[in-house]
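2 protein chains.
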Amino acid sequence: MSSKNDSRQNILSVATRLFHLQGYHATGLNQILKESGAPKGSLYYHFPNGKEQLAIEAVKRMDALIKNDIVSSLEKYESAIEAIQIHIQKIAADFTNDEKLECVPIGILVAETAQISESIRETCKAAVEGWEELYCSKLIGDGFEPDLAKKLGVTINSMIEGAVTRSLINKDSQPLQQLAECIPVLLKR
Amino acid sequence: MSSKNDSRQNILSVATRLFHLQGYHATGLNQILKESGAPKGSLYYHFPNGKEQLAIEAVKRMDALIKNDIVSSLEKYESAIEAIQIHIQKIAADFTNDEKLECVPIGILVAETAQISESIRETCKAAVEGWEELYCSKLIGDGFEPDLAKKLGVTINSMIEGAVTRSLINKDSQPLQQLAECIPVLLKR
DNA sequence: GTCTATACTCCGATAGAC
DNA sequence: GTCTATCGGAGTATAGAC
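As you go down the protein sequences, you meet chains U and X in turn. Per my numbering, the first sequence starts with residue 2, numbered consecutively. Per my numbering, the second sequence starts with residue 2, numbered consecutively.
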């Protein structure tokens with residue numbers, strides 16, 4: 002049972018990193034197998050539904066890690082503006098670190114697979130909605146109107162996703178840093 | 002010469018639409034060929050560098066169309082806030098229209114191909130920087146500080162890209178609409 | 001439960017007839 | 001210039017030995 006879990010976890014861990022770095026279609030099962038050292042039969046034993054199941058479980062894994070990051074950033078500062086700004090700066094700092102996951106992969110994965118897998122899309126939707134809820138709650142706790150806070154929660158998440166993608170285009174975290182600098186202007190009342 | 006152009010343009014037009022809808026890896030040359038009615042040899046005659054060249058020219062095509070949309074939206078209103086808000090509402094309205102292109106595909110294409118093609122990345126970078134410049138100029142023309150306007154130009158573009166991706170996750174333009182509603186709050190001075 | 005060998009499809013790309 | 005036939009390899013998935 003422990004070896005079963007080890008093997009499974011190992012495959013999933015490698016798959017999560019590769020889907021995040023390269024996207025869904027660019028990541029082949031053979032590459033996952035090669036990097037994890039597992040044989041092909043093992044992958045299909047642990048993930049009978051193949052690549053799609055692997056992607057879904059990878060998204061859930063990313064969700065847990067990212068949610069954790071958001072919570073830990075937001076609880077560090079009372080002011081919502083300050084907390085969100087620091088959160089984005091942290092993402093910028095982690096930008097070049099392959100071990101850290103940020104919210105891009107989710108959007109990219111959906112864009113890539115929207116036409117072939119409803120279940121991947123739904124898994125991603127649930128994850129993203131959870132993050133938005135966290136931003137929303139923080140804003141409400143800091144005195145924002147609930148209605149506006151809800152829209153802003155969605156928008157803040159979009160901003161971050163867009164800025165990470167934009168940083169990817171530049172191969173540089175500057176767009177993320179610029180977003181962080183804009184936050185006090187954007188959210189001031 | 003006219004037939005040469007027709008065939009070339011036809012292939013490029015189909016490729017542009019498919020790359021936009023499905024991304025780079027999900028779009029096969031065979032699908033492009035099938036939908037355009039052209040034979041494979043014809044594709045390699047017009048685009049000797051194959052898929053990569055096709056993607057680069059498709060991005061340039063998207064760039065021209067999108068730039069045109071941005072200019073035409075922004076020149077309709079004197080107020081930068083109003084103009085940008087209307088622009089985003091237009092993107093939301095076009096969201097379900099396959100014939101209209103918005104800025105998502107650029108970010109997705111880069112994310113998908115970042116590790117395999119520097120030239121696709123550079124082409125996308127040039128395109129996005131042009132759009133940001135348009136937003137920036139509009140803001141400066143409306144009295145924003147040049148330094149802030151530059152950061153906001155980048156950020157506005159990221160917001161839109163993120164919101165289109167988010168709308169893709171929802172299969173619904175609501176996130177884009179919510180972004181549009183937030184614009185007056187976000188950009189007010 | 002673990003692993004190997006292999007099936008089958010589709011990919012991007014090329015060669016060469018016309 | 002246009003089109004067909006085909007290559008070599010990579011893709012996902014499966015069958016079955018151990």
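C-beta: ideal position from N, C-alpha, C; glycine also.
CB residue i to CB residue j, shorter than 9 angstroms?
| i | j | result |
| --- | --- | --- |
| U:I107 | U:F48 | no |
| X:A128 | X:I71 | no |
| U:G154 | U:L177 | no |
| U:G163 | X:G131 | no |
| X:H21 | U:E113 | no |
| X:T124 | X:V60 | yes |
| X:I121 | X:I33 | no |
| U:A150 | U:I161 | no |
| U:G55 | U:A115 | One point to set straight first is that residue 55 of chain U is Leu, not Gly, in the sequence displayed. No, these two residues do not count as a Cβ contact at 9 angstroms. |
| U:S138 | U:E53 | no |
| U:D7 | U:E79 | no |
| X:G24 | U:G24 | yes |
| U:L75 | X:L187 | no |
| U:V165 | U:V111 | no |
List, in chain order, every chain X residue whose beta-carbon is nearer than 8 angstroms to that of residue i.
| i | result |
| --- | --- |
| U:C125 | I170 |
| U:T97 | Chain X residues near U:T97: none, gap ~13 angstroms exceeds 8 angstroms. |
| U:L44 | Going along chain X, no residue has its Cβ under 8 angstroms from U:L44, so there is no contact; the nearest lies around 20 angstroms. |
Does residue i pass the burial test, meaning 16 or more other C-beta atoms within 10 Å, or should it be called exposed?
| i | result |
| --- | --- |
| X:R18 | buried |
| U:I170 | buried |
| U:A181 | buried |
| U:C183 | buried |
| X:E103 | buried |
| U:E133 | buried |
| U:G29 | exposed |
| X:D148 | exposed |
| X:R167 | buried |
| U:R190 | exposed |
| X:I109 | buried |
| U:G51 | exposed |
| U:D99 | exposed |
| X:S159 | buried |
| X:Q10 | exposed |
| X:K77 | exposed |
Return helix, strand or coil for residue i, following the three-state DSSP convention.
| i | result |
| --- | --- |
| X:G142 | helix |
| X:K189 | coil |
| X:L102 | coil |
| U:Q116 | coil |
| X:Y25 | coil |
| X:D173 | coil |
| U:E58 | helix |
| X:G78 | It is worth fixing the name first, because residue 78 of chain X is Tyr in this sequence and not Gly. Reduced to three states, the DSSP call for X:Y78 is coil. |
| X:F20 | helix |
| X:N11 | helix |
| X:P147 | helix |
| X:A127 | helix |
| X:A39 | coil |
| U:T97 | coil |
| U:M2 | For U:M2, the predicted model reports a pLDDT of 47, less than 50, meaning its position is unreliable; a value from the coordinates is still stated below. Reduced to three states, the DSSP call for U:M2 is coil. |
| X:N50 | coil |
| U:L180 | helix |
Which chain U residues are close to residue i, counting only those with a beta carbon under 7 angstroms from its beta carbon?
| i | result |
| --- | --- |
| X:L180 | T156 and S159 |
Report the neighbours of residue i on chain U: residues whose CB is nearer than 9 angstroms to its CB, in chain order.
| i | result |
| --- | --- |
| X:Q86 | Here the premise fails: no neighbours, minimum Cβ distance about 13 angstroms. |
Between residue i and the ligand NAD, is there a pair consisting of the residue's CB and a ligand heavy atom that are separated by less than 8 angstroms?
| i | result |
| --- | --- |
| X:P49 | In terms of ligand content, the structure shown is empty, and the ligand NAD therefore cannot be addressed. |
So which residues on chain U does residue i lean against when the C-beta distance must stay under 8 angstroms?
| i | result |
| --- | --- |
| X:R18 | The premise fails here: X:R18 is roughly 13 angstroms from chain U at the closest Cβ pair, so nothing lies under 8 angstroms. |
| X:V105 | A112 |
| X:R167 | G108, V129, V155, N158, S159 and E162 |
For a contact meaning CB atoms closer than 7 angstroms, what does residue i contact in chain X?
| i | result |
| --- | --- |
| U:C183 | K152, L153 and T156 |
| U:Q23 | Q116 |
Exercise. Given 8 angstroms as the limit, is there contact between the region 35–51 of chain X and the region 69–83 of chain X, that is, 3 or more CB pairs closer than that?
Worked result: No, the region 35–51 of chain X does not touch the region 69–83 of chain X.
Exercise. Any contact of the region 156–176 of chain U with the region 89–101 of chain U, i.e. 3+ C-beta pairs under 8 angstroms?
Worked result: yes
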